[in-house]
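Down below is the structure, laid out as structure tokens.
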Amino acid sequence: MAIDQVLLTRFNLPSAGAESVVRAKEGWLVERAELFERYCLPAVRAQTHGDFHWIVYFDPQSPAWLLDRIRTRWAVGTFSPLFREEVSRADLLGDIERVVGVRGDLLLTTNVDNDDGLARDFTERLHAAAEARGQRAGRAAIYLVNGLIASGTDVYRRTDRSNAFCSVVEPWASAETCWVDWHTALGERMPVVEVRGAPAWLQVVHGSNVSNRVHGALTSPAPYRELFPGLLDEATEPGRLRSAVDLLGVRPARRVAEVARAAAKATALKLVGRSGLDSIKLRLARLRRAT
Numbered sequence: 006m007a008i009d010q011v012l013l014t015r016f017n018l019p020s021a022g023a024e025s026v027v028r029a030k031e032g033w034l035v036e037r038a039e040l041f042e043r044y045c046l047p048a049v050r051a052q053t054h055g056d057f058h059w060i061v062y063f064d065p066q067s068p069a070w071l072l073d074r075i076r077t078r079w080a081v082g083t084f085s086p087l088f089r090e091e092v093s094r095a096d097l098l099g100d101i102e103r104v105v106g107v108r109g110d111l112l113l114t115t116n117v118d119n120d121d122g123l124a125r126d127f128t129e130r131l132h133a134a135a136e137a138r139g140q141r142a143g144r145a146a147i148y149l150v151n152g153l154i155a156s157g158t159d160v161y162r163r164t165d166r167s168n169a170f171c172s173v174v175e176p177w178a179s180a181e182t183c184w185v186d187w188h189t190a191l192g193e194r195m196p197v198v199e200v201r202g203a204p205a206w207l208q209v210v211h212g213s214n215v216s217n218r219v220h221g222a223l224t225s226p227a228p229y230r231e232l233f234p235g236l237l238d239e240a241t242e243p244g245r246l247r248s249a250v251d252l253l254g255v256r257p258a259r260r261v262a263e264v265a266r267a268a269a270k271a272t273a274l275k276l277v278g279r280s281g282l283d284s285i286k287l288r289l290a291r292l293r294r295a296t
């Protein structure tokens, strides 16, 4: 059974909503390029399973310095850079087919944010999960549910059953890809396969994140350095006291805040729908920028 495996990344596509406010900030693109070089690019290059394609979308109006970096330092032998103002479903499927070439039996697409990292066996584990499901099983979302979150020099273990590193395996003939819906909503459209095991992804919390926050349990980075080569170099040991404080005080408080935010989001979705929720996020982003 032949599986065409494709990673999909939005680098600086023009976008509406709250992200547009963040991207309008001076220095956003420079910081994003630095994060891409620090985490995303080396993580994909380090994959143990190399039989995949990587498409990265860029704004056609990207500055000259970024275009030069793409051409001379980033894309060579690593990914296919594509330039679009927006990516429709038809555009996306056409781009994937051109990059892949001859179709296999199944298409496996995965979202990879440009400021995050992957375990070195991420694509290998995904491919194995898709292969185990089989050709006749139909479309399914696949989540490698365990990962890490890096914030400054701290690392947290996190289990997220609908994380942003979402994948969809499906027949080519009816392909929708992992971008068909929010990563949290794929389970409303199709069956879900959850793959547990060692941490498979690294989410990086930084100043220009739109929605990422610290979650999970403060942990030592030592057991994971080999799995994420070079990506945890700045991480430090938390020590017994900090680990105890996190376990007994900070982590429960974070959990309460998570539950409250999830409840507020669910209520907003029921009352105003997705477009209304996006409008609320945009207003809040503008207020934060103004202050």
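In the numbering used here, the protein residues as written are 6 to 296. Even glycine gets a Cβ: it sits at the ideal position worked out from N, Cα and C.
Which residues DSSP lists as bridging residue i, in chain order
i	result
residue 58	11
residue 208	154
residue 147	172, 198
residue 63	88
residue 122	207
Span of the alpha helix (DSSP H), counted from its first residue to its last, around residue i
i	result
residue 111	First-last for residue 111: 111–116, but that is the beta strand (DSSP E), not the alpha helix (DSSP H).
residue 46	46–50
residue 184	Here residue 184 belongs to no alpha helix (DSSP H), and DSSP marks it neither H nor E.
residue 81	Per DSSP, residue 81 belongs to no alpha helix (DSSP H) and is neither H nor E.
residue 37	33–40
residue 233	That residue, residue 233, is in no alpha helix (DSSP H); it is neither H nor E in DSSP.
residue 248	244–250
residue 105	94–105
Residue i versus the options, residue with shortest Cα-Cα distance
i	options	result
residue 59	90, 197, 101	101
residue 38	12, 71, 19, 14	71
residue 46	250, 251, 235	235
residue 120	81, 48, 252	48
residue 205	53, 13, 35, 14	53
residue 142	67, 255, 245, 196	196
residue 67	85, 90, 77	90
residue 145	207, 242, 185, 260	185
residue 209	32, 18, 36, 6	36
residue 240	247, 155, 44	155
residue 34	50, 17, 43, 179	17
residue 179	55, 95, 12	95
residue 103	86, 116, 77	86
residue 218	106, 162, 105	162
residue 109	242, 231, 10, 255	10
residue 56	157, 32, 244, 82	82
Limits of the beta strand (DSSP E) - the one that residue i falls within
i	result
residue 160	159–164
residue 86	85–88
residue 222	222–224
Presumed contact (8 Å Cβ cut-off) between residue i and residue j, rounded CB distance
i	j	result
residue 152	residue 233	The Cβ separation is near 10 Å, so there is no contact.
residue 8	residue 111	5 Å
residue 150	residue 165	6 Å
residue 118	residue 223	With 8 Å as the limit, residue 118 and residue 223 do not qualify as a contact, their Cβ atoms being about 23 Å apart.
residue 41	residue 63	11 Å between Cβ atoms; not a contact.
residue 259	residue 211	Contact flag wrong, Cβ pair sits at about 18 Å.
residue 13	residue 114	6 Å
beta-carbon residue i near the ligand COA non-hydrogen atom, thresh 7 Å
i	result
residue 174	With respect to the ligand COA, the structure shown offers nothing to examine, as it has no ligands at all.
Three-pair Cβ contact test at 8 Å for the region 162–172 versus the region 186–200: yes
Check whether the region 199–208 touches the region 116–133, counting contact only when three or more Cβ pairs, one atom from each stretch, lie closer than 8 Å. Taking a contact to require three or more Cβ pairs closer than 8 Å, the region 199–208 and the region 116–133 qualify as touching.
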